[in-house]
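The structure under discussion appears below in the form of structure tokens.
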Amino acid sequence: MTVQTMTAIASLLIVVADGCSNRERMAGHPSSTPGREADAVTVQPVEEIDQIKLDSLIQRRKGKVLLLNVWATWCAPCVEEFPDLVRLDRAYESDHVEVVGISVDFPDEIESKIVPFLKKQNVSFKVFVVSFDNRDKFINSLDEKWSGAIPATFVYDEKGNRSFSLIGQATYGRFQQEIEKAKGAVEGDKKN
13 MTVQTMTAIA SLLIVVADGC SNRERMAGHP SSTPGREADA VTVQPVEEID QIKLDSLIQR
73 RKGKVLLLNV WATWCAPCVE EFPDLVRLDR AYESDHVEVV GISVDFPDEI ESKIVPFLKK
133 QNVSFKVFVV SFDNRDKFIN SLDEKWSGAI PATFVYDEKG NRSFSLIGQA TYGRFQQEIE
193 KAKGAVEGDK KN
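So the sequence shown is numbered by my numbering: it starts at 13 and just counts up by one.
Here it is as structure tokens:
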């Protein structure tokens, strides 16, 4: 691994740690939905995502709004908002909305950390893990103003245009509000 790559990874980890403190990392992981037993869901295979796959994911909307959430298993705010993402995915399952997660855990942690977390959360939506050699390029490809702090959520309309970005934890209601705005913006374009 080159010094430049190691520096980029270290920089991303420092920025990400800014969004999730050590105290939050120690907080643990809540169950998928408090007070409710998880339904049997098959977790989709977690793949690495690079610039080409990310660009394709955003541009190949096929008439669907995309909610893209960047998270990590060790980030307490990320873990806390995850049940809302699962609920949102189920609510919009057949309504032209795609929920996708991108983990900033290390790719070698897919089987040891990411998949067990997804099973515990009962996740059925697609999840990727970042495999960019240059983490700054990943950050800038989503939003040049984004520091890399997580959780971070980006909503893209049906044409692949970013309609919303939020750095920090969000709620089901906020996610829903931004999805409806993105859906409405495209429907407004169709009427004109």
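In this text, a Cβ means the ideal position worked out from N, Cα and C, and glycines have one as well.
In terms of Cβ geometry, Asp117 and Thr85 form a close pair [threshold 7 Å]. Secondary structure at Glu105: coil, using DSSP grouped into helix, strand and coil. With fewer than 16 other Cβ atoms inside 10 Å of its own Cβ, Asn152 counts as exposed. Within the region 105 to 182, the complete alpha helix (DSSP H) segments of 4 residues or longer fall at 127 to 133, 147 to 154, listed in chain order.
The closest CA to that of Gln56, considering only Val139, Ile162, Leu97, is found on Val139.
Contact annotation: Val98 and Gln133 have beta-carbon atoms nearer than 7 Å. The alpha-carbon of Tyr184 is positioned some 24 Å away from that of Lys157. Shortest Cα-Cα distance from Asp101 to any of Asp155, Val91, Phe137 involves Phe137. Here Lys149 is exposed: its Cβ has fewer than 16 other Cβ atoms, across all protein chains shown, within 10 Å. When the five nearest sequence neighbours on each side are left out, the beta carbons in the same chain lying within less than 8 Å of the beta carbon of Ile126 are those of Val58, Thr85, Ser115, Asp117, Val139, Val141, in order along the chain. Relative to the Cα of Ile162, the nearest Cα in the group Ser124, Glu190, Asp67, Phe94 belongs to Phe94. In the assembly as shown, Gly196 is an exposed residue. Its beta-carbon has fewer than 16 other beta-carbons within 10 Å.
Beta-bridge annotation (DSSP): Val82 is paired with Ile114, Ala164. Excluding its 5 nearest sequence neighbours in each direction, Ile122 has C-beta neighbours in its own chain below 7 Å: Val58, Val141, listed in chain order. Under a 10 Å Cβ-count criterion, Ser124 is classified as exposed, with fewer than 16 other Cβ atoms of the shown protein chains found around its own Cβ. For Asp67, the enclosing alpha helix (DSSP H) covers residues 63 to 71. Excluding its 5 nearest sequence neighbours in each direction, Ala194 has C-beta neighbours in its own chain below 6 Å: Val77, Val167, Asp169, Ser175, listed in chain order. In chain order, Val167, Phe176 place their CB closer than 6 Å to the CB of Glu190, counting only its own chain and leaving out the 5 sequence neighbours on each side.
Contact annotation: Glu60 and Ser143 have beta-carbon atoms nearer than 7 Å. Straight through space, the alpha carbons of Arg147 and Gly172 are spaced by roughly 22 Å.
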